[in-house]
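Following: one structure in structure tokens, then a few remarks.
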Amino acid sequence: MEPFKYVEGYAAPMLAANVDTDVIMPKQFLKGIDRSGLDRGVFFDLRFLLDGTPNPEFVLNQDPWNTSTFLVVGPNFGCGSSREHAVWGLKQLGIRALIGTTFAGIFYDNCQRNGVLTIQLAPAELKELGQVVSERGSSCIAIDLEAQHILLVDGRAIEFKIDALRKQALMLGLDAIGTTLQRSDEIRAFEARHLESNPWLV
Amino acid sequence: MSTPKTLYQKHIDSHTVCELDDQGHVLLYIDRQVANEYTSPQAFSGLREAGRKVWRPSATLCVVDHVNPTAPDRIADMPDAGGALQVNYFEQNCRDFGIELFDVLDKRQGIEHVVAPEQGFILPGMMVAAGDSHTTTYGALGAFGFGIGTSEIEHLLATQTLVYKRLKTMRVTVEGEPGRGLVSKDIIMELIRQIGAAGATGYAIEFTGPAISALSIEARMTICNMAVEAGARGAFMAPDDKVYAYLQDKPRAPKGAQWLAAVEQWKTLFTDPGASFDKEVHMHVADLQPMVTWGTSPDQAASITGVVPDPMQESDLILRQDLQRALRYMDLQPGAALEGIRISHAFIGSCTNARIEDLRDAARVVSGRKVAAGVRAMIVPGSTMVRDQAEAEGIAKIFRDAGFEWRQSGCSMCLAMNDDVLSPGDRCASSTNRNFEGRQGAGARTHLMSPAMVAAAAVTGHLVDVRSLALEA
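Note that the protein sequences, when read in sequence, are chains A and B.
Position one of the first sequence corresponds to residue 1 (my numbering), numbered consecutively onward.
Position one of the second sequence corresponds to residue 1001 (my numbering), numbered consecutively onward.
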């Protein structure tokens, strides 16, 4: 997995509340058995008109946000279905981080497992950042994960918090399964005790 | 004396292999997993690519449910290339990794969250994770279930654990006796309306109170199922005698002395007196009215006696734009009465509301009536066993005689991944869980409500208060 350390790019404002994973990745893109080709499906019904041409009204079709690396999003982003296809698609579209106030739980974990950084800011800070990136001239930002801040073009820095465990996994691009399997003996010992005291679980 | 613990804390503690930091991260042991054909393929591919095995194959049950057709005549082959690819790969994965599969022709097939409880695969005290957000359903049995993505499915298959961060705790106490015609769907829809679609984000909910105790197990499942629509990562209820009675004759429930030992242990699964929650919510349901959604988020709901809200009364600009967008999508005018909104479709199905009690409720409304002209009405039972039971009870005949399509089981038009899809502009009264834009088909409009309310809409042709229809005893 690609490590996340310091990333620069354009940030697109998508500040509506409760953007769900059905909207991020509609059903017709869920019929594969691999992760490929999902960039096409991201926000499909918003990005494309009925005739298949790009919808000029949609922010990700407008310059410079059509090359966005980040999204600044409204509350409860990623709610609904557990479909990880939503995150795979965003990543394939070039999105490396999402900045919002709250994220839906499953979506949040899915981002983490795919090296997509989710940053939670206070509502007032998020509102201000949303205004900043809505202006073409100030829509380019940088995220420094090591220092835990977002840098704006005017030189301001917005601090953010992140659990050390999540930060380390993102910065090193760790394989979560490989890391856990290093504890196989502990898991095996726990499992033996657990199944012995709850034999109906076997 | 030790510190009083919540039920959630007890669950996490008893499944913690080890603590991973001082921020609440633990390596969490998972007792059971249910998997479907559409969120699991890439997880199995990941195992294959890394040459990894499944840690404990018997902990997983695979069920085909999301992509299969629900046409009355069952066929093994999926009619579309994508569905066929997923189902074939699913079967191959079950064979190669030694996991039990209920395929589309199996008499036990159905929606995973209906099938797993009816098989007794889920028991009180279990930690359950599955690649579907509605895994919260199992909370009704005193298990803690939560949805995970595909990367986590792979992690779980390979290690039987998840790297998990402890949630905050919320207790929802429900009091009062709901009036005639009110069901658990109305209770959970009202809670979501009150606290919002993100009201429980970051929380595990414990439901308690006399109004919960009074509910059947199936009715409780509806509540835990839809708690995720308020953002809850998991929702459950302390098990009681009703749970034990529900489970006792299920095929995979423990038997004999083991059953007695299990019940003794399950009786310790409750929140200790004096334990504190991060948040407390109190609901009184005596004055509850039947609920329907008018917007494109499950919290955009009102009682059937209400009206479509006016976005101009919202002072926050972004929230106002959200409301305007929702009403534009739903093609509804501010101030319009909800009762009387005409529908083109009625759908009773999904892991939220397609169990036998739901079908009985709907049949009481439908009995002696006909589906209104211009309405396509469908029943998709939650499982093949539910379907067979409804046939045996004569309920299926009531639906067929009234003009409903009586179909096979699957997730169907709840998320429209199979060929049960609405067209742009269609308006559906639906017993499902999500009224998102495009959920049941691009451009289609969904109104969520209880199964009896869907039945009432189907026979009148419009949203209507089910209490205004005389019911079969």
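We put the CB at the ideal spot given by N, CA and C, even for glycine.
Residue i versus residue j - alpha carbon distance
{"i": "Thr1169(B)", "j": "Val19(A)", "result": "25 angstroms"}
{"i": "Ile1187(B)", "j": "Ala1076(B)", "result": "39 angstroms"}
{"i": "Val116(A)", "j": "Asn1068(B)", "result": "32 angstroms"}
{"i": "Leu30(A)", "j": "Gly1083(B)", "result": "10 angstroms"}
{"i": "Arg1056(B)", "j": "Asp63(A)", "result": "51 angstroms"}
{"i": "Leu1474(B)", "j": "Arg1074(B)", "result": "Any answer about residue 1474(B) is impossible in this case: the structure gives chain B only from 1001 up to 1473."}
{"i": "Thr69(A)", "j": "Gly89(A)", "result": "13 angstroms"}
{"i": "Leu145(A)", "j": "Val1064(B)", "result": "41 angstroms"}
{"i": "Ala1230(B)", "j": "Lys1250(B)", "result": "31 angstroms"}
{"i": "Ser1184(B)", "j": "Leu1157(B)", "result": "34 angstroms"}
{"i": "Ile143(A)", "j": "Arg113(A)", "result": "19 angstroms"}
{"i": "Ala1346(B)", "j": "Gln1086(B)", "result": "29 angstroms"}
{"i": "Cys79(A)", "j": "Thr102(A)", "result": "10 angstroms"}
{"i": "Val1386(B)", "j": "Arg1355(B)", "result": "6 angstroms"}
{"i": "Phe1044(B)", "j": "Leu126(A)", "result": "38 angstroms"}
{"i": "Ser184(A)", "j": "Arg1166(B)", "result": "22 angstroms"}
{"i": "Val153(A)", "j": "Ser134(A)", "result": "13 angstroms"}
{"i": "Met1453(B)", "j": "Val1464(B)", "result": "7 angstroms"}
{"i": "Thr1006(B)", "j": "Arg1220(B)", "result": "20 angstroms"}
{"i": "Phe107(A)", "j": "Gly1368(B)", "result": "46 angstroms"}
{"i": "Gly1176(B)", "j": "Ala1211(B)", "result": "6 angstroms"}
{"i": "Ala1236(B)", "j": "Gly105(A)", "result": "The sequence as given places Phe at residue 1236(B); Ala does not occur at that position. Near 17 angstroms, if we compare the C-alpha coordinates of Gly105(A) and Phe1236(B)."}
Check whether residue i and residue j have beta carbons under 8 angstroms apart
{"i": "Phe1340(B)", "j": "Val1308(B)", "result": "Checking the sequence, you will find Gly at residue 1340(B) rather than Phe. No."}
{"i": "Pro1004(B)", "j": "Asp1272(B)", "result": "yes"}
{"i": "Thr1293(B)", "j": "Ser1350(B)", "result": "no"}
{"i": "Gln1440(B)", "j": "Ala1071(B)", "result": "no"}
{"i": "Leu71(A)", "j": "Ala169(A)", "result": "no"}
{"i": "Val1228(B)", "j": "Gly1295(B)", "result": "no"}
{"i": "Glu186(A)", "j": "Cys1018(B)", "result": "yes"}
{"i": "Val1243(B)", "j": "Pro1124(B)", "result": "yes"}
{"i": "Leu1415(B)", "j": "Pro1381(B)", "result": "no"}
{"i": "Arg1108(B)", "j": "Phe1102(B)", "result": "yes"}
{"i": "Phe1121(B)", "j": "Val1172(B)", "result": "no"}
{"i": "Leu1317(B)", "j": "Ala17(A)", "result": "no"}
In DSSP terms, what residue i is bridged to
{"i": "Ser1430(B)", "result": "Phe1347(B), Leu1448(B)"}
{"i": "Trp1406(B)", "result": "Ile1379(B)"}
{"i": "Ser1303(B)", "result": "Met1291(B)"}
{"i": "Pro54(A)", "result": "Phe48(A)"}
{"i": "Thr1070(B)", "result": "Note: Thr1070(B) sits in no beta bridge, so no partner."}
{"i": "Gln1033(B)", "result": "Thr1060(B)"}
{"i": "Glu159(A)", "result": "His149(A)"}
{"i": "Thr1016(B)", "result": "Leu1028(B)"}
{"i": "His1282(B)", "result": "Thr1173(B)"}
{"i": "Gln120(A)", "result": "Gly100(A)"}
{"i": "Cys209(A)", "result": "Outside the displayed span of chain A (1 to 202) sits residue 209(A), for which this structure offers no information."}
With 16 other Cβ atoms within 10 Å as the buried cut-off, status of residue i
{"i": "Val202(A)", "result": "exposed"}
{"i": "Glu84(A)", "result": "buried"}
{"i": "Arg1164(B)", "result": "Just to set this straight, residue 1164(B) is Tyr in the shown sequence, not Arg. Buried, because 16 or more other Cβ atoms sit within 10 Å of the Cβ of Tyr1164(B)."}
{"i": "Lys161(A)", "result": "exposed"}
{"i": "Tyr967(B)", "result": "Chain B is shown only over 1001 to 1473; residue 967(B) falls outside these bounds and no answer can be derived."}
{"i": "Glu1476(B)", "result": "Chain B is shown only over 1001 to 1473; residue 1476(B) falls outside these bounds and no answer can be derived."}
{"i": "Ala1257(B)", "result": "exposed"}
{"i": "Pro1041(B)", "result": "buried"}
{"i": "Pro199(A)", "result": "exposed"}
{"i": "Tyr6(A)", "result": "exposed"}
{"i": "Pro1290(B)", "result": "buried"}
{"i": "Gly963(B)", "result": "Because chain B here runs from 1001 to 1473, residue 963(B) falls outside it and cannot be looked at."}
{"i": "Ala1253(B)", "result": "buried"}
{"i": "Thr1305(B)", "result": "exposed"}
{"i": "Asp1021(B)", "result": "exposed"}
Distance between beta carbons of residue j and residue i, contact taken as under 8 angstroms
{"i": "Ile1343(B)", "j": "Gly1461(B)", "result": "7 angstroms"}
{"i": "Gly1142(B)", "j": "Trp1259(B)", "result": "That pair is no contact at about 15 angstroms."}
{"i": "Val1365(B)", "j": "Leu1471(B)", "result": "6 angstroms"}
{"i": "Ala1198(B)", "j": "Pro75(A)", "result": "6 angstroms"}
{"i": "Ala1059(B)", "j": "Gln1160(B)", "result": "6 angstroms"}
{"i": "Leu93(A)", "j": "Asp39(A)", "result": "5 angstroms"}
{"i": "Val1115(B)", "j": "Ser1383(B)", "result": "5 angstroms"}
{"i": "Pro13(A)", "j": "Val59(A)", "result": "7 angstroms"}
{"i": "Met1226(B)", "j": "Ile1195(B)", "result": "Met1226(B) to Ile1195(B), Cβ: 12 angstroms. No contact."}
{"i": "Ile150(A)", "j": "Ile99(A)", "result": "7 angstroms"}
{"i": "Arg1032(B)", "j": "Val1174(B)", "result": "Not confirmed; about 27 angstroms, so no contact."}
{"i": "Leu1338(B)", "j": "Ala1302(B)", "result": "6 angstroms"}
{"i": "Ser81(A)", "j": "Ser1133(B)", "result": "6 angstroms"}
Proximity test, residue i beta-carbon vs the ligand ZN heavy atom, cut-off 7 angstroms
{"i": "Arg166(A)", "result": "The ligand ZN is absent from the structure shown, which contains no ligand whatsoever."}
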